[in-house]
Amino acid sequence: MNKKTEQTIPQPIYRHDYRQPDYWIDKVELAVDLHDDVTIVRSILQIRRNKDTASEGQPLVLNGEKLTLKEIALNGQPLPESAYQVDREALIIFSVPDHFELSTVVAIKPHENTELVGLYQSNGNYCTQCEAESFRRITYFLDRPDVMATYSTTISADKARYPVLLSNGNRVATGELENNRHWVRWEDPFRKPSYLFALVAGQLVCHHGTFKTMSGREIRLEIWVEPQNIDKCEHALLSLQKAMQWDEQTFGLEYDLDVYMIVAVNDFNMGAMENKGLNVFNSKFVLCRPDTATDDDYEDIEAVIAHEYFHNWTGNRVTCRDWFQLTLKEGLTVYRDQRFTADMTDFALKRIRDVKKLRTLQFAEDQGPMAHPIRPESYIEMNNFYTITVYEKGAEVVRLYETLLGKEGFAKGLARYFEKHDGQAVTCDDFRVAMAEANQIDLTPLDRWYSQAGTPVCEVRGRYDAEQMTYTLQVTQSRAPTPAVQPAFMPCLIPIRVSLFDPKGQALPLQLADENVPIGEERLLSLSETQQQFIFVNIPQEPVLSFLRGFSAPVQVKMQRPREHLAFLMAHDNDSFNRWDAGQILAQELLLNLAQDWAAGRELKLDPLFIQSFGKILTDSRLNPSLKAMAMMLPDEKFLGQQIEPIDVDALYEARSFMTRVLARTFRRELLALYQQYHSTSPYSNSRSAIDARRLKNTVLRHFLTALQDEEVIALIGQQFQHADNMTDMQAALSCLMELEIPEREQALQQFYGRWQHDPLVLDKWFALQASSSLPKTLDRVLSLASHPDFNLRNPNRVRSLIWTFCSLNQVRFHSADGRAYKFLAELVLELDRLNPQLASRLVGAFNQWRRFDKLRRNLMESQLNTIIAQPNLSTDVYEIVSRSLNYR
Ligand code: TRP
Ligand code: ZN
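The sequence shown maps to residues 1 to 889 in UniProt numbering.
Okay, here's the thing in structure tokens:
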């Protein structure tokens, strides 16, 4: 992050400008002396000229920010001041030999660091965050991922206050010093880029376990936490063991060092960081106990632990050549963690959740000012490009390989990738080429998925010819409107899974016109042109089409079809994803119509066909309870908002409330019966079936019964809140109370606060629950919570729980027509920008869709954006987001 001043408008960096560095660094020796007032970092670098790019004597330009240079020597000789130059972001040495040793000593001030990058303090302990470009805040370096070196790190600190000193690799030596200080030396034998460096020091305790690898080595696993959290680590440890085993079984990938450490810290900008052998985690993704964390928290922890572990191969052993290639490691690793979670839980459930997230958040990003390809062409601030597009759409693009090559072909391709590139910093093209080579197929058509922004749209028409007994599918592709400037859309390779059903719900054998016999009941079609036709023959009667099964590509689908077909698929599709999706499409169509009716002052009526289909789902006893919960959930307001322009937040809210009420009234008896059936009176269990049961009965209670607001329901909620022996039930009950204007609401909030005020992760829930209430008074509540003594701008989790929950997830209340919430957010962003630009820039993204709203709200948001951009000394992070937002379309 650099400060923008009047004189310097931040300039973008372009992917096409990549060239190798002028110098390589092979070896790094660090000595970090931690002291209260100042930390001293001594570094010795072995440097050599890159003969391919740099001529002899080429100046050496090292990155460095917020460092105070104390000493500098080349091959042991102190450099005179005339031999180098230091500015705000670099150290330039005018002339250097081909091979040399550079020693520097710098001073840094971790205790003043509120940005949470580089070396900083959290709850009195030290930790680091170097990705993407923050190693340069620890020492002068060629801080780019293609410069890979081996590291040894010696840490010294006060023994009583920092008994635990950790860094990457293996602990090789320790010793005592004067003044009650001690030191520990770490060596990491694997070459790595600087963004994977980590250092931790503090009063920590460790929950440990082991893992025996497939080749028989015993790995020590250590989860380091503050002492009061030692009883909240077992799930994280189990998750790590499961991930290690899964990666061996699925891809034959074994862990390489003898120890794997995870440290939980409270103040962290993101989820977690895959530093070699020493992951640093947001405590939210480590700590849990049944009474403090929900089932969803447990699942998130398992997924994030696995994600960071999987990075050891996809990210660390093979890393990125430059930051434009970020999706090479992130898309691939998200794909891997998605598969892992599917194997640990349920395939369909996981797929539905991932697609829901993609459609709600990534499709929106693609249609707003931040639209970019999964491999961006330029950026001002790299931190702004850790996006849902790079991560989740990137994972979908990796999934395309699996869809085209099969699971085995994919595994073969991955093996080839490691065989070719282990120890290297490579590109997305290298990945595609390895996949293609291993399977002897041309995958160049996939390239456009990397180079084009925007969401492809498939328009589908199916035509049945009774005489010919053919069913013709006509599919075209284009791109959903992308306001940000983009070159013309070129067709992509889109794999489309389809089935056809007869009226009884039987999948038909599928034979294409040029085939002699049917080949299966599900086919994978390849759409690569702008327009294509697929003709199925021997189709005895008009079928019902199931298109893009399992969401076989990250595209939007446009298809005119009778509601009866959707209802039919809701009941009969044997692809669980499409069965769920049919219900969502039907509900969406009705909700958007209801919203229009409400806006026009017409009477609201709910289509009996939908009521009937919903009833069937409700009473389908074969449906897994988690899937049933998913199928019952109506599309959320934010997702619905994306389908219309301008976004009418009140109409959407009213339409959805209406539909909920009608369903709850119609099925009151069935819903209560479901609740009773799945509400367990036996003690907490974390078995799959117990989790499924909680999910279903809490969905019933929170999303349907609560809308009835009658005494019986209020009593149920109250009982669940008072008697819950686990956070899943406790939080669900409290979230019901958040929707009700009754005295029990404030009582419960107080009770919850009293019990959990000392547990920051649980207190985050207390803030988030209040911020997510759809009651009209929520805005005022949020304003007052922002001055609550427990609200703290320096803690990202707390900021996200109150501010992000409200501004991004509570559409109807954030967009209140008086504009007060907008002003509140703008002021908060400016205040936060001085402390933590990375977080401020995430929050300001809540304005990204401003142009899609009605004129009144549009003007209100635009004026706040203008206020922000007019600030002197805005960070590049916030500047980039706000300037893109103001300039789009
Ligand atoms: N590489 C991390 C992951 O996806 C992401 C991350 C953690 C990060 N902390 C960060 C990215 C800080 C940018 C800045 O697992
Ligand atoms: Zn990652």
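Using N, Cα and C, we set each Cβ at its ideal position, and we do this for glycine too.
Tell me which residues share the same chain as residue i and place their Cβ nearer than 6 Å to its Cβ, disregarding the 5 neighbours each side in the sequence.
i, result
"Gln-7", "The predicted model places Gln-7 with a pLDDT of 48, which falls under 50 and marks its position as unreliable, so this point remains unresolved."
"Glu-302", "Ser-239"
"Thr-778", "Arg-813"
"Phe-853", "Pro-646, Ile-647"
"Arg-549", "Arg-497, Asp-575, Asn-578"
"Thr-403", "Pro-495, Ser-552"
"Arg-834", "none"
"Ala-768", "Ser-801, Thr-805"
"Ile-25", "Leu-45, Ile-47, Leu-142, Val-147, Ala-149"
"Leu-609", "Arg-563, Ala-567"
Which residue or residues does DSSP assign as beta-bridge partners of residue i?
i, result
"Ile-535", "Thr-472"
"Asn-836", "Partner(s): none; Asn-836 has no beta bridge."
"Cys-320", "Val-426"
"Val-460", "Val-475, Met-559"
"Trp-24", "Arg-48"
"Leu-674", "According to DSSP, which records beta bridges pairwise, Leu-674 is partnered with nothing at all."
"Pro-495", "Ser-526"
"Asp-33", "Ile-40, Ser-156"
"Asp-465", "Thr-470"
"Tyr-379", "Ile-13"
"Phe-431", "Answer by DSSP bridge pairing: none, since Phe-431 is not bridged."
"Ile-647", "Phe-853"
"Thr-867", "According to DSSP, Thr-867 bridges with nothing at all."
"Ser-546", "Ser-499"
For the ligand TRP, any of its heavy atoms closer than 7 Å to the Cβ of residue i?
i, result
"Ala-664", "no"
"Asn-269", "yes"
"Asn-383", "yes"
"Gln-129", "yes"
"Tyr-684", "no"
"Glu-392", "no"
"His-372", "no"
"Tyr-386", "yes"
"Glu-222", "no"
"Ala-438", "no"
"Ala-587", "no"
"Glu-308", "yes"
"Glu-302", "no"
"Glu-330", "yes"
"His-311", "yes"
"Ala-132", "yes"
Can you list, in chain order, the residues of its chain whose CB lies under 7 Å from that of residue i, leaving out five sequence neighbours each side?
i, result
"Asn-439", "Leu-405, Gly-409, Lys-412, Gly-413"
"Met-244", "Phe-211, Tyr-255, Tyr-309"
"Phe-94", "Pro-59, Ala-83, Tyr-84"
"Arg-820", "Leu-779"
"residue 928", "The chain is shown from 1 up to 889; residue 928 falls before or after that span and cannot be answered."
"Glu-133", "Asp-143, Met-382"
"Leu-102", "Leu-45, Ile-47, Leu-74"
Compute the minimum distance between the beta carbon of residue i and the heavy atoms of the ligand ZN, and state whether it is under 7 Å.
i, result
"Glu-670", "no"
"Glu-522", "no"
"Glu-274", "yes"
"Thr-333", "yes"
Below 8 Å CB to CB, which residues in the same chain sit around residue i once its five sequence neighbours on both sides are set aside?
i, result
"His-703", "Met-632, Met-633, Leu-634, Thr-660"
"Ala-675", "One point to set straight first is that residue 675 is Tyr, not Ala, in the sequence displayed. Lys-697, Val-700, Leu-701, Leu-705, Leu-716, listed in sequence order."
"Arg-523", "Arg-497, Val-498, Ser-499, Leu-510, Leu-512"
"Val-397", "Thr-327, Gly-331, Ile-374, Leu-446, Trp-449, Tyr-450, Pro-554"
"Leu-623", "Ile-617, Ala-631"
### Query
Taking the runs of the beta strand (DSSP E) that are 3 residues or longer, which of them lie wholly in the UniProt domain "Aminopeptidase N-like N-terminal" (55-196)?
DSSP runs (the beta strand (DSSP E)) wholly in the UniProt domain "Aminopeptidase N-like N-terminal" (55-196): 60-63, 68-74, 84-86, 90-93, 99-108, 118-122, 125-129, 148-158, 164-167, 170-176, 181-193.
### Task
Jot down the residue ranges of each uninterrupted alpha helix (DSSP H) in the segment 198-284, minimum 4 residues, whole runs only, in chain order.
234-251
### Task
Return the chain-ordered ranges of every alpha helix (DSSP H) run that is complete within the segment 715-768 and spans a minimum of 4 residues.
727-737, 743-756
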